[in-house]
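Structure record follows, encoded as structure tokens.
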Amino acid sequence: MINTDYGKYILKVFSPKVKNTERFFKSLVKGDYYEKLFCQTDRVRREGFEALNDFYLLAEIKTLRYVKTYVMLIEYIEGIELVDMPEISDEVREKIKQSIYSLHQHGMVSGDPHKGNFILQGNEIRIIDLSGKRPSRQRQA
1 MINTDYGKYI LKVFSPKVKN TERFFKSLVK GDYYEKLFCQ TDRVRREGFE
51 ALNDFYLLAE IKTLRYVKTY VMLIEYIEGI ELVDMPEISD EVREKIKQSI
101 YSLHQHGMVS GDPHKGNFIL QGNEIRIIDL SGKRPSRQRQ A
């Protein structure tokens with residue numbers, strides 16, 4: 001975590017070690033996963049959906065279109081992860097449902113919706129660790 005006068009940020013540097021061959025061919029066909037996520041996050045936030053954490057920087061070390069290492073700067077969200085809450089109230093459950101529905105309305109999905117990817121910040125739900133996938137009937141179900 002980086003703490004500045006302007007806020008707190010997460011600096012994430014990683015080099016995926018699994019499914020390299022699959023990732024290589026997908027990157028040639030579909031383009032870069034995190035670049036798409038970066039653009040979708042920006043679009044959705046400009047459309048007024050503020051429940052997801054902001055994504056400020058994406059730098060990549062590439063060979064052709066295949067990314068070997070990612071460097072990302074992401075908004076740190078103060079609050080309580082749902083995984084740390086002993087009980088989740090019906091009110092919070094409804095806010096989660098509404099935030100996921102709104103996310104789908106903006107053309108994105110949470111590819112990994114579990115308690116660790118939702119944070120209660122004050123009285124609002126924030127979503128972290130999104131996927132860059134678009135909603136389909138199967139994903140929205």
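Count the sequence shown with the working numbering and you get residues 1 to 141, in order.
Each residue gets a CB set at the ideal place from its N, CA and C atoms; glycine is no exception.
Query, Result
"To which residues of the same chain is Leu120 closer than 6 Å at the C-beta, ignoring the five residues directly before and after it?", "Gly79, Ile80"
"Report all residues from its chain with a CB closer than 6 Å to the CB of Thr69; omit the five preceding and five following residues, and keep chain order.", "Ser15, Ile61"
"Could you tell me which residues DSSP pairs with Met146 in its beta bridges?", "Since the first residue shown for the chain is 1 and the last is 141, residue 146 is missing from the structure and cannot be characterised."
"Just to confirm, are Tyr66 and Phe38 a CB contact at a threshold of 8 Å?", "no"
"If you draw a straight line from the alpha carbon of Thr4 to that of Leu58, how long is it in whole angstroms?", "19 Å"
"For Val71, collect the residues of the same chain with a Cβ closer than 6 Å to its Cβ; drop the 5 residues on either side in sequence, then sort them by chain order.", "Val13, Ala59"
"State buried or exposed for Ser110, treating a residue as buried only when at least 16 other CB atoms are found within 10 Å of its CB.", "buried"
"Closer than 7 Å to a non-hydrogen atom of the ligand NAD - does that hold for the CB of Ile10?", "As for the ligand NAD, it is missing from this structure, which has no ligand bound."
"Do you know how far the Cα of Asn117 is from the Cα of Asn53?", "10 Å"
"Return the chain-ordered list of same chain residues with a C-beta closer than 7 Å to the C-beta of Glu105, the five sequence neighbours on each side being excluded.", "Before going further, note that residue 105 is Gln rather than Glu in the sequence given. Result list for Gln105: empty, nothing under 7 Å."
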